[in-house]
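In mature numbering (1 follows the signal peptide of the UniProt record, and there is no 0), the protein residues as written are -18 to -1, 1 to 667. Some notes on the structure that comes next.
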């Protein structure tokens, strides 16, 4: 009957799918068929005997009042053997130490296990079936779960109680070892060991209460709740006894009448306590509250931002502004620490945003490195988009990847700390702010966490919550920056994340950093060691870019309206003959002249209409645009360059959502894009 209902349900579903012209989910259908096959196997016992489906048996069941004497002799030894423990003591230890079986026992003790029915199967069968309904502990109004167990009967040859097979309709019930099945077994075991199954002892039977279909629960104040926890060694707690003990504890006091009067006078107690500790602990919360005063928190003495220093230097009228600028930027160790502590909120802190302007931060180290390589090969390359990002003048649009990452970061931090505490000795962590490299104060980084433990020492943690794989667990198969070598995950050294992490370790003086990639379906933790040689190469490029581009832009007299496309190193204008000391306006004019001299010359018959003014369908070309918005990669969150000078800077546009994605992040090439009509990002596929 039950099988016929299942087939009828499948036919009805198929008809609905055919009517709506919906695609059939073959995977879901296969799962249902597999579960049905597994359930059928449970009805075929190890000795070859086939029992009828307990859900299809409508007659022959006996409740607890008439059938309790038929219950087989299930003891803790049988439950231990069924749950695959070596000795009953293992089960008892787990019951007492609040493991899974402890919760299962409280299903019975709290009366979530409803009346148990027994079926004889056949008169000549040596087995019987026990079944009951179990109320969900967290959802009392939901439908109760159906649980059954096939157990060997007591016979002339000896007691039964061997648990052969079991099933429950809950999510984990196919294995037959869920809490609901265990609760059923504990109820029968308790009746057997207390003698409630003996027909000759009527007094015993009168004390066995058949549970109701749903426990009686009435709302009450928290202070009136009697808190109890079922213990296997103590047996179920009687409610009347628990209430009596609760009242006795509530009313008990070792104080006499006079002492009670003193204790009840709260005002006098506070006064006496204040007189005792006011001179000993002057700034305690209690003393401050009694005196109605507060401790003034000193305001952090933060160093001036790079933009503020640049403005002061420009207004000073110095002849050597570059050297003055570098001197003014120098920070003490106390300045660096104060700045880091004040900016732990990072993107939610206005100070953090202001102090980043004009500094080369770790998130764009890789971008600066590749741009420097390009500028050294091709002096006519345009660094304007990168300069705007450094100076904080680029219009940043938040992508779905950025929003997803910011939202999940607190959850990921908690998961990381929990993982580390389970593996490391005395692990500690704290949020980090904007850290500045003291020897080169124009280089900075913001790590997610600073860590410390006795086994590994001080380190860092960088959190990544990729939105592109939010519906699955991170792995080397779905993340391009993770590599699997000899069974070990590692971070790709060519990815921007590697440069970012190396910069963080150098600036914060740490020797290792954990890259923690998190989704709600799983996580991966990759430890990255500090690479001194790699950092020296990156550092040299950062200094070069700062001296030749950023510093000149900061000290320009037209910083607010800076045309960063016309900035280039002074080494590129050495051929221009300039006599005497030039002011900043003259230098800017020279940059403009040199840039125009390097631009291609159009023939006289070439009209402006023939010049391409828009990107191709999917690839952003090297078209000169003034003050265009900055578009961030939908995968890695870094800028997509308007004028790519190498393959790693090329980007492609999604035809569905319009997001731009780097070729490297999208795993595409020009050859691949030529052969497709439309391209979709990983989120829109």
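For glycine and all other residues, C-beta sits at the position ideal for the given N, C-alpha and C.
If you draw a straight line from the C-alpha of residue i to the C-alpha of residue j, how long is it?
{"i": "residue 283", "j": "residue 533", "result": "25 angstroms"}
{"i": "residue 303", "j": "residue 537", "result": "7 angstroms"}
{"i": "residue 496", "j": "residue 485", "result": "14 angstroms"}
{"i": "residue 340", "j": "residue 410", "result": "33 angstroms"}
{"i": "residue 272", "j": "residue 278", "result": "17 angstroms"}
{"i": "residue 114", "j": "residue 42", "result": "15 angstroms"}
{"i": "residue 407", "j": "residue 472", "result": "24 angstroms"}
{"i": "residue 632", "j": "residue 618", "result": "14 angstroms"}
{"i": "residue 347", "j": "residue 488", "result": "13 angstroms"}
{"i": "residue 666", "j": "residue 636", "result": "8 angstroms"}
{"i": "residue 54", "j": "residue 66", "result": "20 angstroms"}
{"i": "residue 39", "j": "residue 61", "result": "25 angstroms"}
{"i": "residue 499", "j": "residue 454", "result": "12 angstroms"}
{"i": "residue 167", "j": "residue 141", "result": "16 angstroms"}
{"i": "residue 161", "j": "residue 433", "result": "39 angstroms"}
{"i": "residue 654", "j": "residue 376", "result": "31 angstroms"}
{"i": "residue 424", "j": "residue 475", "result": "24 angstroms"}
{"i": "residue 343", "j": "residue 428", "result": "8 angstroms"}
{"i": "residue 506", "j": "residue 457", "result": "7 angstroms"}
{"i": "residue 657", "j": "residue 648", "result": "16 angstroms"}
What three-state label does DSSP hand residue i in the structure shown?
{"i": "residue -4", "result": "helix"}
{"i": "residue 143", "result": "coil"}
{"i": "residue 432", "result": "strand"}
{"i": "residue 538", "result": "coil"}
{"i": "residue 650", "result": "coil"}
{"i": "residue 371", "result": "helix"}
{"i": "residue 427", "result": "strand"}
{"i": "residue 26", "result": "strand"}
{"i": "residue 276", "result": "coil"}
{"i": "residue 668", "result": "In the structure as shown, the chain begins at -18 and stops at 667. Residue 668 is therefore absent and cannot be evaluated."}
{"i": "residue 386", "result": "helix"}
{"i": "residue 355", "result": "helix"}
{"i": "residue 412", "result": "strand"}
{"i": "residue 620", "result": "coil"}
{"i": "residue 521", "result": "helix"}
{"i": "residue 478", "result": "helix"}
{"i": "residue 400", "result": "helix"}
{"i": "residue 591", "result": "Residue placement at residue 591 is flagged as unreliable, the pLDDT there being 39, under the threshold of 50; a coordinate-derived value is accordingly withheld."}
{"i": "residue 338", "result": "helix"}
{"i": "residue 582", "result": "With a pLDDT of 38 at residue 582, under the threshold of 50, the modelled position of that residue is not reliable, and the figure given next carries that caveat. Of the three classes helix, strand and coil, the one that applies to residue 582 here is coil, per DSSP."}
Under the rule that 16 or more other beta-carbon atoms within 10 Å means buried, what is residue i, buried or exposed?
{"i": "residue 622", "result": "buried"}
{"i": "residue 94", "result": "buried"}
{"i": "residue 201", "result": "exposed"}
{"i": "residue 148", "result": "buried"}
{"i": "residue 45", "result": "exposed"}
{"i": "residue 29", "result": "exposed"}
{"i": "residue 356", "result": "buried"}
{"i": "residue 266", "result": "exposed"}
{"i": "residue 661", "result": "buried"}
{"i": "residue 285", "result": "buried"}
{"i": "residue 12", "result": "exposed"}
{"i": "residue 450", "result": "buried"}
{"i": "residue -1", "result": "exposed"}
{"i": "residue 170", "result": "buried"}
{"i": "residue 315", "result": "exposed"}
{"i": "residue 234", "result": "exposed"}
{"i": "residue 381", "result": "buried"}
{"i": "residue 481", "result": "buried"}
Determine which residues share a DSSP beta bridge with residue i and list them.
{"i": "residue 501", "result": "504"}
{"i": "residue 467", "result": "470"}
{"i": "residue 663", "result": "Beta-bridge pairing links residue 663 to no other residue."}
{"i": "residue 644", "result": "633"}
{"i": "residue 439", "result": "435"}
{"i": "residue 99", "result": "113"}
{"i": "residue 148", "result": "131"}
{"i": "residue 43", "result": "101"}
{"i": "residue 614", "result": "621"}
{"i": "residue 494", "result": "511"}
{"i": "residue 418", "result": "426"}
Residue i: beta carbon under 6 angstroms from a heavy atom of the ligand ZN?
{"i": "residue 649", "result": "Looking for the ligand ZN in the displayed structure turns up nothing, as the structure carries no ligands at all."}
Check: Within the chosen definition, does the segment 463 to 476 reach the segment 415 to 423 through at least 3 CB pairs nearer than 8 angstroms?
Finding: no
| request: Pair every Cβ in the segment 437 to 450 with every Cβ in the segment 386 to 395, then say whether three or more of these pairs are closer than 8 angstroms. | output: yes
Margin query: Check whether the segment 346 to 365 and the segment 642 to 657 are in contact - that is, three or more C-beta pairs closer than 8 angstroms.
Written below: no
Count Cβ pairs between the segment 99 to 112 and the segment 12 to 25 that sit closer than 8 angstroms; are there 3 or more?
no
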